[in-house]
Amino acid sequence: MDDLGCNGIWLMPVMPSPTYHKYDTTDYYSIDPEYGTMEDFEAFLSACRERGIKVIMDLALNHTSSEHPWFQEACSYLKELGDGEPDPGECPYVLYYNFSKEKKSGFSPVKGSDIWYYEAQFWDGMPDLNLYNEELRAEIEKIADFWLAKGVGGFRLDAAKEYVTGADGSNIEILSWFNDVVKEKYPDAYLVAEVFSDMAVYEKYYDSGIDSLFDFDFANKDGIIAKVVKGNTPASFYSQRLQEIEGIFSAHNKDYIDAPFYTNHDMGRSAGYYAGEGSEAQTKLAGAMNLMMSGSAFIYYGEELGMKGSGKDENKRAPMYFSSDPSAVCAEDRQTWMILR
């Protein structure tokens, strides 16, 4: 990382979780044993600090795992309660999530109850948190402080557009609250949010005061960079758009820092965007165009090697290729990974 000239690392979720991707945690204060111990994590932070590398962590605040103790306690309470009205004095966790006696869109039944449902817009293993609950907000403040006090440099905020389904204004307010909470005690902390949409939507989220938003319009196989590299869009459009976004974003937040990226864990890898003779050169050109954008450019691990992977999410998130041979593809390791899955 140091040799590549990187001065920052974004760690995807490292907190305990029952899934391989770990975006649904069971404990916001621990390291998943698959990745080591807290002591290992602290040693990692120290090694990065020695090299001038800042580390930010993925923080999924939209939801937890259905195996999280908060959710488990809330469900147990509601099953015993039956058709009565919940009392947060008896179980505060019933207000940490969005429970209802009505089966609304995106709601799943509480197991063991034919009365209660809970919001889980992604799937029933990821119950949505109620980010307007003050007790939950106080807990989130403690979570942020816990990691920042250890030396973490900030957070990548997952699924910020989904905090309140279909309500950009509410989501911006939640982001603004979290940004203020973090910056009050850690003014140099860096926050970048994922608002998976087009620019007409995510530009508004800069009203929250957050440092950065991922610049989705330039990313993916159908983004501006790929269109220019494939010759489907004139290069002048790339240049023109770079100038335009300065005015667009600064109108919402004059101190914004753009977060350009070319692909990520939810998209096919960029080496697969091009085919035929010259595809390697096209891949390199696209990577260079990403790095030429102003702001804090993000590179998904393996992109610097030309790793490929598309289709199922697991294929996009295959293990990093490691070899002392620059031309190695680590085919055997990849085959083992595919079998183990």
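Read in order, the letters of the sequence shown correspond to residues 76 to 416 in the working numbering.
Even glycine gets a Cβ: it sits at the ideal position worked out from N, Cα and C.
Small disclaimer: the values here were computed from a predicted structure and weren't measured.
C-alpha distance - residue i paired with residue j, whole-angstrom precision
{"i": "D388", "j": "H340", "result": "7 angstroms"}
{"i": "P163", "j": "L136", "result": "21 angstroms"}
{"i": "G80", "j": "L317", "result": "23 angstroms"}
{"i": "M87", "j": "A372", "result": "16 angstroms"}
{"i": "A427", "j": "G181", "result": "Summary: the structure shown does not reach residue 427, with the chain confined to residues 76 through 416, and so no result is reported for it."}
{"i": "K178", "j": "T112", "result": "41 angstroms"}
{"i": "M342", "j": "M382", "result": "13 angstroms"}
{"i": "G157", "j": "I190", "result": "7 angstroms"}
{"i": "E269", "j": "E237", "result": "10 angstroms"}
{"i": "T358", "j": "S369", "result": "20 angstroms"}
{"i": "G244", "j": "A234", "result": "15 angstroms"}
{"i": "E352", "j": "G284", "result": "45 angstroms"}
{"i": "E210", "j": "Y104", "result": "17 angstroms"}
{"i": "E407", "j": "W198", "result": "Because E407 sits at a pLDDT of 46, beneath the cut-off of 50, its placement in the model cannot be relied upon, and the following sentence gives the value as read from the coordinates. Each residue's alpha carbon lies about 33 angstroms from the other."}
{"i": "V304", "j": "E214", "result": "46 angstroms"}
{"i": "E160", "j": "Y261", "result": "40 angstroms"}
{"i": "G384", "j": "M395", "result": "12 angstroms"}
{"i": "A310", "j": "F271", "result": "25 angstroms"}
Residue range of the alpha helix (DSSP H) that includes residue i
{"i": "P144", "result": "P144 to L156"}
{"i": "F230", "result": "Taken as a continuous stretch (DSSP letters only), F230 belongs to no alpha helix (DSSP H), being part of the beta strand (DSSP E) at G229 to L232."}
{"i": "A372", "result": "Run containing A372: none; DSSP gives neither H nor E here."}
{"i": "E248", "result": "D243 to K260"}
{"i": "I113", "result": "According to the sequence shown, residue 113 is Met rather than Ile. M113 to E125 is the extent of the alpha helix (DSSP H) around M113."}
{"i": "L317", "result": "A310 to S325"}
{"i": "L266", "result": "L266 -> not in any alpha helix (DSSP H); beta strand (DSSP E) instead, spanning Y265 to A268."}
{"i": "E109", "result": "Note, E109: premise wrong, no alpha helix (DSSP H); not H, not E."}
{"i": "V276", "result": "M274 to Y277"}
{"i": "K383", "result": "Taken as a continuous stretch (DSSP letters only), K383 belongs to no alpha helix (DSSP H), as it is neither H nor E."}
{"i": "D220", "result": "E209 to A224"}
{"i": "A301", "result": "I299 to V304"}
Contacts around residue i, its chain only, beta-carbon distance under 7 angstroms, and the 5 residues preceding and following it disregarded
{"i": "V130", "result": "I84, L86, L120, C123, V227 and G228"}
{"i": "T338", "result": "A294, N295, R344, S345, Y375 and E378"}
{"i": "A264", "result": "L223, G228, G229, V257 and K258"}
{"i": "C166", "result": "E148, A149 and Y152"}
{"i": "N254", "result": "L266, S283, G284 and I285"}
Rounded Cβ spacing between residue i and residue j (contact assumed at less than 8 angstroms)
{"i": "Y313", "j": "I300", "result": "7 angstroms"}
{"i": "M132", "j": "W252", "result": "M132 to W252, Cβ: 19 angstroms. No contact."}
{"i": "D290", "j": "P335", "result": "5 angstroms"}
{"i": "R231", "j": "L134", "result": "7 angstroms"}
{"i": "D154", "j": "S188", "result": "At residue 154 the sequence reads Lys, which differs from the Asp that was named. Contact holds; Cβ gap of about 5 angstroms."}
N-terminal and C-terminal residue of the beta strand (DSSP E) that residue i is part of
{"i": "S183", "result": "F182 to P184"}
{"i": "M132", "result": "K129 to L134"}
{"i": "Y192", "result": "Y192 to E194"}
{"i": "V89", "result": "Note, V89: premise wrong, no beta strand (DSSP E); not H, not E."}
Cβ-based neighbour list, residue i, same chain, cut-off 6 angstroms, excluding 5 preceding and 5 following
{"i": "M201", "result": "D99, H138 and A195"}
{"i": "Y348", "result": "K296 and A301"}
{"i": "L430", "result": "Beyond the ends of the chain as shown, which are 76 and 416, falls residue 430; an answer cannot be given."}
Same chain, Cβ closer than 8 angstroms to residue i, neighbours up to 5 away in sequence not counted
{"i": "I106", "result": "V89, M90, P91, T112, M113, D115 and F116"}
{"i": "T94", "result": "S140 and G200"}
With a cut-off of 8 angstroms, do at least 3 Cβ pairs link the stretch 167-180 to the stretch 120-133?
-> no
When the Cβ atoms of the stretch 323-334 are set against those of the stretch 278-289, are three or more pairs found closer than 8 angstroms?
-> yes
Count the CB pairs spanning the stretch 138-153 and the stretch 264-276 that are closer than 8 angstroms, and state whether there are at least three.
-> no
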